[in-house]
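Worksheet: one structure, shown below.
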Amino acid sequence: MNVLVVGGAGYIGAHTVQALRERGHKVFVYDNLSTGNLEAVPEDIHFFEGDIRDGDFLRHIFAEYLIDAVVHFAACSLVGESMQDPAKYYNNNVVGTLSLLNAMKGAGVEYLLFSSTAAVYGEPTSLPITETALCQPTNVYGRTKLAIEWSLADYAQAYNLKYTALRYFNAAGASLDASIGEAHPVETHLIPLILQAVTKHKALQVFGDDYPTPDGTCIRDYIHVLDLATAHVLALEKMVQTQQSAVYNLGTETGFSVLEIIKMVEQVTGLVVPYTISPRRAGDPARLVASVNKAKQQLGWQLQHSDLQQIISSAWQWHCK
Ligand code: UFG
Numbered sequence: 023m024n025v026l027v028v029g030g031a032g033y034i035g036a037h038t039v040q041a042l043r044e045r046g047h048k049v050f051v052y053d054n055l056s057t058g059n060l061e062a063v064p065e066d067i068h069f070f071e072g073d074i075r076d077g078d079f080l081r082h083i084f085a086e087y088l089i090d091a092v093v094h095f096a097a098c099s100l101v102g103e104s105m106q107d108p109a110k111y112y113n114n115n116v117v118g119t120l121s122l123l124n125a126m127k128g129a130g131v132e133y134l135l136f137s138s139t140a141a142v143y144g145e146p147t148s149l150p151i152t153e154t155a156l157c158q159p160t161n162v163y164g165r166t167k168l169a170i171e172w173s174l175a176d177y178a179q180a181y182n183l184k185y186t187a188l189r190y191f192n193a194a195g196a197s198l199d200a201s202i203g204e205a206h207p208v209e210t211h212l213i214p215l216i217l218q219a220v221t222k223h224k225a226l227q228v229f230g231d232d233y234p235t236p237d238g239t240c241i242r243d244y245i246h247v248l249d250l251a252t253a254h255v256l257a258l259e260k261m262v263q264t265q266q267s268a269v270y271n272l273g274t275e276t277g278f279s280v281l282e283i284i285k286m287v288e289q290v291t292g293l294v295v296p297y298t299i300s301p302r303r304a305g306d307p308a309r310l311v312a313s314v315n316k317a318k319q320q321l322g323w324q325l326q327h328s329d330l331q332q333i334i335s336s337a338w339q340w341h342c343k
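Structure, rendered in structure tokens:
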């Protein structure tokens with residue numbers, strides 16, 4: 023297929039571009055480079071610098087390059103920032119996606135694979151979280167992603183659109199040759215921050231040690247970005263084959279606490295992680311662990327790289343490079 027990857031210069035997008043190409047799809051990348059890195063886009067790929075709110079540009083690309091499907095990563099994704107600046111999040115994520123959907127509709131592009139998030143669930147009432155769990159997001163970021171999921175369902179029902187929403191848990195790790203990794207202009211994610219704490223000797227703040235978990239710190243489900251990328255390829259092909267829309271969780275069904283992640287970083291690097299205990303961060307649920315039965319059964323997806331040691335080793339190699 024001819025696939026336009028929107029937000030393909032970002033961390034998860036760039037890995038998915040590689041996976042789609044390895045599978046033989048012709049890939050085009052569209053990104054406004056607000057947080058993405060041009061360096062992460064292969065030189066021999068057709069790259070368009072543009073914003074998803076630019077419907078005319080999108081329509082032109084759809085028609086000119088006979089795009090069959092869109093994989094949509096372009097979003098603002100910092101939970102804390104979303105609470106302070108909701109306008110930015112509703113505008114970029116919701117308005118932006120509607121612009122993309124309308125351009126697709128106008129050009130007759132039928133398939134959309136959408137990056138959603140575990141943040142749509144909010145505070146879970148039972149674990150592991152299945153796709154049928156109640157969605158009650160506790161932050162603006164999660165609400166924008168849920169609003170988009172609803173728009174997708176409505177568009178799919180009324181127009182000629184099939185979509186798949188992939189609800190990621192905690193994406194982590196880097197490509198095995200350390201060519202692509204996690205590098206955000208403002209870093210808020212745990213594993214890159216721990217690696218920075220090690221190399222810059224700047225103490226990590228552990229947000230809360232009084233949660234109802236065995237060691238008191240929050241538990242998350244960390245999934246290797248390469249396993250996420252594979253799931254995108256499988257989900258896209260499944261959607262085209264079945265002509266059905268779907269929603270899948272992508273995680274590992276295993277949770278690790280913040281202190282367990284710190285210990286693993288010490289084991290992998292052989293260095294001590296300096297840290298202090300700080301107050302809880304607003305909006306952090308105590309535990310988030312995915313059920314991924316549905317993706318495994320329906321997509322034939324298998325985890326290959328998401329052992330915690332593998333995740334952290336690859337992130338460390340990328341960080342060192
Ligand atoms: N944490 C710290 N100190 C830090 C940073 C994080 O203790 O300096 C803790 C957090 O409190 C949390 C865990 O480490 O318990 C993981 O935090 P991240 O910020 O790395 O990730 P989140 O679980 O908050 O968020 C991730 C994605 C979001 C997505 C969410 C879905 O980054 O985009 O999962 O649950 F919405």
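Take the position in the sequence shown, starting the count at 1, then add 22; the result is the number in our numbering.
Note that the Cβ used here is the ideal one computed from N, Cα and C, for glycine as well.
Asked: DSSP state of H37 mapped onto helix, strand, coil; Found: helix
Asked: First and last residue of the uninterrupted alpha helix (DSSP H) at T239; Found: Run containing T239: none; DSSP gives neither H nor E here.
Asked: Opening and closing residue of the alpha helix (DSSP H) in which N124 lies; Found: G118 to A129
Asked: Alpha-carbon spacing of Q331 relative to R81, whole angstroms; Found: 44 Å
Asked: beta-carbon V101 near ligand 1 non-hydrogen atom, thresh 7 Å; Found: yes
Asked: Beta-carbon proximity of P159 to L168, cut-off 8 Å; Found: yes
Asked: Sheet register partners of V49 (DSSP bridge); Found: V25
Asked: Check: A205 C-beta below 7 Å from any heavy atom of ligand 3; Found: As presented, the structure is devoid of ligand 3, carrying ligand 1 as its sole ligands.
Asked: Status (buried if at least 16 other CB within 10 Å, exposed otherwise) for S138; Found: buried
Asked: Residue closest to S328, alpha-carbon to alpha-carbon, out of T235, G292, L198 and T291; Found: L198
Asked: The alpha helix (DSSP H) enclosing R189, as first and last residue numbers; Found: From DSSP, R189 is part of no alpha helix (DSSP H) but of the beta strand (DSSP E) over K184 to Y190.
Asked: A180 burial status per 10 Å Cβ neighbour count (16 or more: buried); Found: exposed
Asked: Euclidean distance between Cα positions of L256 and V142; Found: 22 Å
Asked: Ligand 1 heavy atom lying under 7 Å from the CB of F69; Found: no
Asked: Cβ-Cβ distance between L55 and E44 below 8 Å; Found: no
Asked: Of the residues N114, R302, I284 and D78, the one placed nearest D232, counting alpha carbons only; Found: R302
Asked: Residues of its chain near A140, where Cβ-Cβ distance is below 6 Å and the 5 sequence neighbours each way are ignored; Found: R189, F191 and L310
Asked: Beta-carbon proximity list for G292, same chain, < 8 Å, skipping 5 on both sides; Found: none
Asked: T147 beta carbon less than 8 Å from that of S267; Found: no
Asked: Presumed contact (8 Å Cβ cut-off) between V295 and E288, rounded CB distance; Found: 6 Å
Asked: Whole-angstrom C-beta distance between E145 and P307, which should lie under 8 Å; Found: 5 Å
Asked: Option in Y112, A96 and R242 with minimal Cα separation from A193; Found: R242
Asked: Straight-line Cα distance separating I151 from G22; Found: Outside the shown range of the chain, which is 23 to 343, sits residue 22, and nothing can be said about it.
Asked: Bridge-paired residues (DSSP) for I151; Found: A312
Asked: Sequence-distant residues of the same chain with beta carbon closer than 6 Å to F84, five excluded per side; Found: A129 and V131
Asked: Residues bridged to F69 [DSSP beta-bridge criterion]; Found: V51
Asked: Beta-carbon proximity check, N115 vs I170, cutoff 8 Å; Found: yes
Asked: Proximity below 8 Å, CB of S121 to CB of V162; Found: no
Asked: Beta-carbon proximity list for H254, same chain, < 8 Å, skipping 5 on both sides; Found: T38, A41, L42, V93, L135 and L188
Asked: Delimiting residues of the alpha helix (DSSP H) encompassing Q179; Found: V162 to A180
Asked: Near ligand 1: Y163 beta-carbon under 7 Å from a heavy atom; Found: yes
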